[in-house]
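Step one of this worksheet: look at the structure below.
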Amino acid sequence: MTNLQTGPTTRGLQRFAIPAVCGLITFLGYYSQYLFNTSPDLAPGPLTRRESITLNTLLVCLWLTYYQACTVDPGQYKFPPKEKEEDNHNSNTNITRTGRRGPQNARRCKKCNAPKPPRAHHCRHCARCIPRMDHHCPWTGNCVSLQTFPHFLRFLVYTNAALVYFARLLWARLYYGLWDQRHVPAYLGPSVGALLGCTMLSVVWLATQFALMVLLVTTVRSWMLGKTMIEEWEAERHETLLARSYDGDDYWGADGHSGFVPVKVEFPYDNGFWSNMAQAMGTNNFLGWFLPVGGGGPKINNDTPWKGTGWEYEENGFNDRVGMWPPPDPEKLRRERAGAGGKWPGARENLSTEKPEVDYCRSSEDMKAAFKRRQQEDLRKRQQRRQHSSEIMAELEEDEGYKERSRTRSPPQQGRTWMNSEGDTLWDYGVDVDEESYGYPGQGVSESVPLVRTATGYDDGLGDEDEDVPLAELIRRRRVKSSGVHE
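Going by our numbering, the sequence shown opens with residue 2, and the numbers climb by one from there.
Here it is in structure tokens:
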């Protein structure tokens, strides 16, 4: 199965993606010229000099931009030596207006064993953290990122331009050579080879034009909004979790743990479509965006780590504080808290020492009032859940077939990850989903991710004791208890 943006999903097929693209360009760009110029019966005849120069110029631009999209390095972070990092530890821990995080506040990549700057992700194909990673494109064999996006966009632009011009040439021959001569005897019309060639070109062109036009529109739309493909996925997941929390579903997880309440986080990197595109293309010169040679693009600044291009991004100020994106993944956060060195007390201790600034309250009185309101709301929800569970168990006790059906019920799926509306996960975009840690190893959960809270404070991921017990087991215990009372 093949996805338009992520390529073939079958292992081993992605190595044929680049040869397939080259073969497709050759077939549509050069076989078509051979067919048009060597079929005298195919009206309106061979290509004119102007048509040949225009089409081949677009093909040259296409090849140049495709080569750059495949070969330009997607970027790599170079961190200072460990001792220098420790010397600058205090000076870099403050988060600035641009959303910069120092080594202590940054997310941490387990594979690179290094802090992860904002908007970076670890690519499982490139085996390193990529600055502003959009996705790993198998059609170019490269990551679409901060440094490669301008070349990728130019490739899409010139590919669609070449396809549109090719369509003009093809449809002229389909109309004048086929449709206009449909009543002419077959031996006076185009040859069988010309008919077959035009048919294959039409089918391949239609599929390619549709796919690449959709890809161009979605890519430009995303980057005009300041979002990468991965950030759109994160935003959709965040909206889904918020909608479920509004409906009373506190938390969506793989094993049924409840109690997480996500806090609304606005996407902070949208600063207007012109600023977004100028930042993505590396220049405010609109004409320079489409130069196939010399157009360039932004480059990561490794001379001053944690400052400059690729390390910090200006935020729009819609959130209460900077550095809140991405919203934490509740499932990943629960697994990390559950496995914080195998010691729950350490994780709880870290959660109990959260900074007061993360509570979004401005005074101690406001904090106390908010805490009391959350306590009351949590108590009310617990009572409702217990009452609802009692009613369900009472109904199930009367259902003799429930016990038999519960035996055939499949166990809950472990390790389930969220999918967006198109059925994609971060793994499909090339992201190594297990590499990210919200804190340093052995320190439990980092203080930089206190965005999930419950009505009685911050959740430790354990959930209620009774909520982890299967419903069938609760019914069995109740029956045993009731039988003991009668005895």
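For glycine and all other residues, C-beta sits at the position ideal for the given N, C-alpha and C.
Bridge partner(s) assigned by DSSP for residue i
i      : result
Cys124 : Arg129 and Val432
Cys144 : His137
Proximity winner among the options, relative to residue i (alpha-carbon distances)
i      : options                           : result
Asp433 : Ser33, Tyr32 and Met134           : Met134
Glu52  : Ala279, Phe80 and Phe167          : Phe167
Ser221 : Val158, Tyr78, Phe17 and Lys373   : Before going on, a small fix: residue 221 reads as Val here, not Ser. Among Val158, Tyr78, Phe17 and Lys373, the Cα nearest to that of Val221 belongs to Val158.
Gly227 : Phe274, Gln182 and Val215         : Phe274
Gly298 : His152, Thr49, Gln77 and Cys124   : His152
Ala244 : Lys369, Lys265 and Ile231         : Lys265
Leu29  : Gln77, Val204, Arg480 and His136  : Val204
Val218 : Glu237, Arg155 and Leu36          : Arg155
Val323 : Ile19, Pro263, Ala21 and Pro119   : Pro119
Ala21  : Gly311, Leu59, Gly142 and Asn57   : Gly142
Asn320 : Arg169, Gln15, Glu267 and Trp140  : Glu267
Thr229 : Met325, Ala212, Asp271 and Thr209 : Asp271
His122 : Gly311, Asn277 and Gly289         : Gly311
Asn303 : Gln77, Arg169 and Gln15           : Gln77
Pro263 : Ala18, Phe17, Leu334 and Gly283   : Leu334
Leu171 : Gln182, His136 and Gln34          : Gln34
Gly309 : Glu366, Phe17, Phe287 and Gly283  : Gly283
Glu235 : Glu366, Met325, Lys373 and Leu56  : Met325
Thr55  : Gly289, Arg169 and Tyr177         : Arg169
Cys144 : Lys111, Leu175 and Gln69          : Gln69
Residue burial classification, residue i (beta-carbon count within 10 angstroms, cutoff 16)
i      : result
Pro306 : buried
Thr27  : exposed
Glu316 : buried
Glu313 : buried
Lys1   : Since the first residue shown for the chain is 2 and the last is 488, residue 1 is missing from the structure and cannot be characterised.
Trp428 : exposed
Leu36  : buried
Thr49  : exposed
Ser146 : buried
Cys23  : exposed
Gln377 : exposed
Glu332 : buried
Phe17  : exposed
Ala212 : exposed
Length of the line joining the Cα atoms of residue i and residue j
i      : j      : result
Glu233 : Glu240 : 11 Å
Gly318 : Pro269 : 7 Å
Trp138 : Ala173 : The question names Trp, but residue 138 is Cys in the sequence shown. So the alpha carbons of these two residues sit roughly 34 Å apart.
Pro104 : Cys113 : Here the model assigns Pro104 a pLDDT of 48, short of 50, so the residue's position is not dependable, and the following value carries that caveat. Rounded to the nearest angstrom, the two C-alpha atoms are 14 Å apart.
Leu207 : Tyr32  : 16 Å
Arg408 : Glu474 : Residue placement at Arg408 is flagged as unreliable, the pLDDT there being 43, under the threshold of 50; the coordinate-derived value follows with that caveat. When rounded, the distance between both Cα atoms is 12 Å.
His126 : Gly46  : 48 Å
Met420 : Thr426 : 5 Å
Arg109 : Lys117 : 5 Å
Ala115 : Ile131 : 13 Å
Tyr430 : Arg238 : 15 Å
Gly301 : Gly424 : Looking at the sequence itself, residue 301 is Ile, so the reference to Gly does not match. Cα-Cα distance, rounded: 32 Å.
Cys199 : Pro329 : 53 Å
Pro81  : Met225 : 33 Å
Arg480 : Arg383 : 23 Å
Ser223 : Gln388 : 46 Å
Thr149 : Leu196 : 41 Å
Arg477 : Arg386 : 19 Å
Trp140 : Met214 : 15 Å
Met201 : Leu59  : 22 Å
Gln15  : Arg129 : 19 Å
Leu25  : Leu179 : 24 Å
Lys369 : Ile231 : 38 Å
Gly381 : Leu242 : Looking at the sequence provided, one finds Arg at residue 381 rather than Gly. So the two alpha carbons sit approximately 21 Å from each other.
Ala44  : Val61  : 27 Å
Pro277 : Asn285 : The sequence given here has Asn at residue 277, not Pro. Roughly 10 Å separates the two Cα atoms.
Tyr459 : Ser422 : Only weak support is given to the placement of Tyr459: the predicted model assigns it a pLDDT of 39, under 50, and the value that follows is read from those uncertain coordinates. For Tyr459 and Ser422, the distance between alpha carbons rounds to 30 Å.
Cβ-heavy atom distance, residue i to the ligand ADP, below 7 Å
i      : result
Lys228 : The ligand ADP is absent from the structure shown, which contains no ligand whatsoever.
Counting pairs of beta carbons, one from the stretch 192-200 and one from the stretch 33-46, are three or more of them closer than 8 Å?
yes
Specify whether the stretch 72-79 and the stretch 155-162 touch according to this definition: at least 3 beta carbon pairs, one from each stretch, less than 8 Å apart.
In short, these stretches do not touch, since the Cβ pair count stays below three.
Contact between the stretch 57-67 and the stretch 289-304 (3+ Cβ pairs under 8 Å):
yes
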